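Notes follow once the structure below has been shown.
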Amino acid sequence: MTKGSIALVPLDNRPCTAVFPVRIAEIAGIDVVSPPQEVLGRFLEPGLPDAVLDWLESVAPTVSAMVVSLEMALYGGLVASRLGEISLDVAYRRLDRLARIAARNPTSKMLVSGAIMRISPTGCGSASAGREEMVRRFSILSSKSAEGIATA
Numbered sequence: 003m004t005k006g007s008i009a010l011v012p013l014d015n016r017p018c019t020a021v022f023p024v025r026i027a028e029i030a031g032i033d034v035v036s037p038p039q040e041v042l043g044r045f046l047e048p049g050l051p052d053a054v055l056d057w058l059e060s061v062a063p064t065v066s067a068m069v070v071s072l073e074m075a076l077y078g079g080l081v082a083s084r085l086g087e088i089s090l091d092v093a094y095r096r097l098d099r100l101a102r103i104a105a106r107n108p109t110s111k112m113l114v115s116g117a118i119m120r121i122s123p124t125g126c127g128s129a130s131a132g133r134e135e136m137v138r139r140f141s142i143l144s145s146k147s148a149e150g151i152a153t154a
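Structure below.
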């Protein structure tokens, strides 16, 4: 790893977010380092955000830039960010830690990304069973309210 390297904390472990960016960078002659696969989780199994932040903290002084997905750094990945299982306090603590990593490494530029939440729920077993119906009813009632035809 050289000071020209980039640290990538991907959105999750899918090839489109974790593998392809590294390969594209290789084509351009840029060295990209990422957290170990075991801390990124897999499909519906969340990653380990604190371990990801440990890794980022260790490589930050040696890279020229950090590209960080908030979903991975705060929640453990895209699906985990949609489940609501991480408290706001824990998410804020991790966000604060990310800010401290950036502040302690001013020569390593940090670029942070976040996905906009979609309205349809992520299908993950029993946790999403009732939510789909609530989102459907909310959507119908919101539409009727906007049209002035909804009643209390």
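Residue numbers (my numbering): 3 to 154. In this text, a Cβ means the ideal position worked out from N, Cα and C, and glycines have one as well. For clarity, every value in this text was computed on a predicted model and none was experimentally measured.
Helix, strand or coil: which one does DSSP assign to residue i?
{"i": "L143", "result": "helix"}
{"i": "R16", "result": "coil"}
Using the Cα positions of residue i and residue j, report the straight-line distance between them to the nearest angstrom.
{"i": "Y77", "j": "A20", "result": "16 Å"}
{"i": "P37", "j": "R138", "result": "38 Å"}
{"i": "P48", "j": "A148", "result": "38 Å"}
{"i": "S66", "j": "I32", "result": "11 Å"}
{"i": "E87", "j": "A62", "result": "28 Å"}
State buried or exposed for residue i, treating a residue as buried only when at least 16 other CB atoms are found within 10 Å of its CB.
{"i": "M112", "result": "buried"}
{"i": "M119", "result": "exposed"}
{"i": "E73", "result": "buried"}
{"i": "R84", "result": "buried"}
{"i": "I26", "result": "exposed"}
{"i": "D14", "result": "buried"}
{"i": "R96", "result": "buried"}
Counting along the chain, where does the beta strand (DSSP E) carrying residue i start and finish?
{"i": "I8", "result": "8-11"}
{"i": "V114", "result": "111-115"}
From the DSSP output, read off the bridge partner residues of residue i.
{"i": "V21", "result": "Looking at the DSSP assignment, V21 forms no beta bridge with any residue, so it has no partner."}
What residue does the alpha helix (DSSP H) around residue i start on, and which one ends it?
{"i": "V70", "result": "Counting along the chain, V70 falls outside any alpha helix (DSSP H), though it belongs to the beta strand (DSSP E) covering 67-71."}
{"i": "L80", "result": "80-85"}
Against chain D, does residue i count as a neighbour if the rule is that its beta carbon must be under 8 Å from one of theirs?
{"i": "D91", "result": "No chain D is present in this structure, which holds just one protein chain."}
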